[in-house]
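Written out below as structure tokens is the structure these notes cover.
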Amino acid sequence: RADGIWDWFFGDDFQRESLPLAAEGQSLGLNPTAQDAVGYLPIVSSHRFIGVKPSRRLNLITKAFIIIQEYSGFAKPVGDIVSDMNKLRNELLRPTHMTSKTLLMMPWFVEEKRDMNQSMWNKHAALKNLPELHWESAGLYTRGGDSVVGNVSAFAAFDTLVGLLQGELAEVLPNLKTIDLVGFSGGCKVVTRWVFFSEWAKPGYGRASVRTVGGGCGSFVYLDEFRPAESCRIPQGHGADFTCSSWEVPKDCHDYNEFEDGLAMVEASGYIYVQRIVSDAAVLSQAYDDFPTKEVLFVVGTEDDCNCDDQDVYKNPDQCWHEFGFSCSDVYPDYYVPFATVGVVGGSCKKNIQGWSRAQRWANYLSHLQDFYNRTRGINYVPNHCTYSGQHDKEAMLKSHHVRSFLGFHEKA
């Protein structure tokens, strides 16, 4: 096992599943062949569900809950995946009595080659020598870029996983009602872009409803060339409770509308999944039309209003400062280094023209979606959204009453 030390310390009882994928992320179904598969995606899960005989079906499972790996600034070890899974099970599933009814899983997007063939990760796997898929960096997989081998996008991997849950795994999971994908921070970047592009997120596309939650996004993909005017980008913290009604085409930020921030241009190589959709006008138009029908919840912390990269321009509110004002952090409390300034929010014009902080960008993006659909489709679209009390805090997001209600988790006596 690749993570035996974590088993020993923490009593890890999660399953190791693996999802074989073909080049460009094409689905191989449940019976892949060695000549078609280019690699596998490692998954940590609460139950074994791939390769299970129908006679051992999971009758109690009504919910598949997929946690999307966030950007960590370094190659994320599997121990962190296990730790996240344990927290979710203890703090979300058990208090709501949903442990036995939920297939909890977290795909591991490997950020460096580990020479870990499939049999080393999953002893039950049929294709023993299949290599793990890996990406050059967290920044690449979170924006839907291709894997080093096989040109597989994280978006394609989620399509395949959701597709299997909706279709071929129906015998194993006969009572599945909902498939939830939840991402925070870098995971929010993944899920809010995937839900726009993917047909699998459309209502009625399968037997189970697909719901997505994106919290603490650092940036969003805008649907046209307009961005918030300067009046909507106040260079000081003022929370998330405002609406932008003034838009402009930026003049001093040449790449602001390129993917991952816009759809005007996608790099010719390295983004096969996104390129396939954006380059086809009819397919892209359908994606625009479908998006308002999808179940997606946009979330941010009321105090996630920091930008420690651009202190020469942006006035950070008091909660951004630590150690008596010695250091600034815009990822607190999810990531904290004492006496060190940690900034990931700012640093580029294409991010800052969306707003100076996550709270500003969240509010501006909600306004953008309303403006875009009213202006281009004549639709009164109000995105589902909520805030939680706090800064950049995944646990606080998942404890939010609105988030739990959206996902169908209810506290029981």
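Per this note's numbering, the sequence shown starts with residue 2, numbered consecutively. A virtual CB, placed ideally from N, CA and C, is assigned to each residue, including glycine. As the structure is a computational prediction, the values presented were derived from the model and not from experiment.
By the Cβ-count criterion, M266 is exposed, with fewer than 16 other Cβ atoms from all chains shown falling within 10 Å of its own Cβ. Residue range E296 to G302 is occupied by the beta strand (DSSP E) that includes L298. Taking K352 as the centre and dropping the five residues before and after it, the same chain places the C-beta of S220 closer than 6 Å to its C-beta, in chain order. C-alpha of S358 to C-alpha of G140: approximately 19 Å in a straight line.
Excluding five sequence positions before and after I51, the CB atoms of its chain that fall closer than 6 Å to its own CB belong to E18, given in chain order. Annotation: the stretch 127-168 contains the following complete segments of the alpha helix (DSSP H) (minimum length 4 residues), in chain order: 139-143 and 155-167.
Residue range V79 to L89 is occupied by the alpha helix (DSSP H) that includes S84. Taking a 10 Å sphere around the C-beta of Q355, we find 16 or more other C-beta atoms and assign the residue as buried. With respect to the C-alpha of I180, the residue from K190, S186 and G168 having the closest C-alpha is G168.
Taking a C-beta distance under 8 Å as the contact criterion, C245 and A158 do not qualify as a contact pair.
Per DSSP, N385 is one residue of the beta strand (DSSP E) stretching across N385 to Y389. In this structure, the alpha-carbon of F325 lies about 16 Å from that of P334. According to the DSSP assignment, S286 belongs to the alpha helix (DSSP H) that extends over A282 to D291. Looking at the DSSP output, K64 shares a beta bridge with T103 and T179. Under the 10 Å beta carbon count, Y337 is surrounded by fewer than 16 other beta carbons and is classified as exposed.
For A23, the enclosing beta strand (DSSP E) covers residues Q16 to A23.
Close CB contacts of F373 within its chain, under the 7 Å cut and outside five residues either way in sequence, are with L224 and D225 (chain order). Under the three-state reduction of DSSP output, G238 falls in the coil class, being neither helix nor strand. In the three-state scheme derived from DSSP, where H, G and I count as helix and E and B as strand, L42 is classed as strand. Per DSSP, the continuous beta strand (DSSP E) segment holding T213 begins and ends at S210 to G216. Following the DSSP letters along the chain, one finds G187 inside the alpha helix (DSSP H) bounded by residues G187 to F198. Under the three-state reduction of DSSP output, W357 falls in the coil class, being neither helix nor strand. Looking from the CA of G271, the closest CA among L20, Q16 and A24 belongs to A24. Counting only residues of its own chain and dropping the five nearest sequence neighbours on each side, A241 has a CB closer than 7 Å to the CB of V301, T303, A360, W363, A364 and T388. In this structure, DSSP gives H403 a helical state, which the three-state scheme calls helix. With respect to the 8 Å criterion, V275 and F299 are not classified as neighbours on the basis of their beta carbons. L42 sits close to L22, with the two beta carbons spaced by under 8 Å.
Of the candidates V284, E296, H403 and N258, the residue whose Cα lies closest to the Cα of S349 is N258. Under the three-state reduction of DSSP, E231 is assigned to helix.
Counting of Cβ neighbours within 10 angstroms places H393 among the buried residues, the total reaching 16 or more. By the Cβ-count criterion, Q36 is exposed, with fewer than 16 other Cβ atoms from all chains shown falling within 10 Å of its own Cβ.
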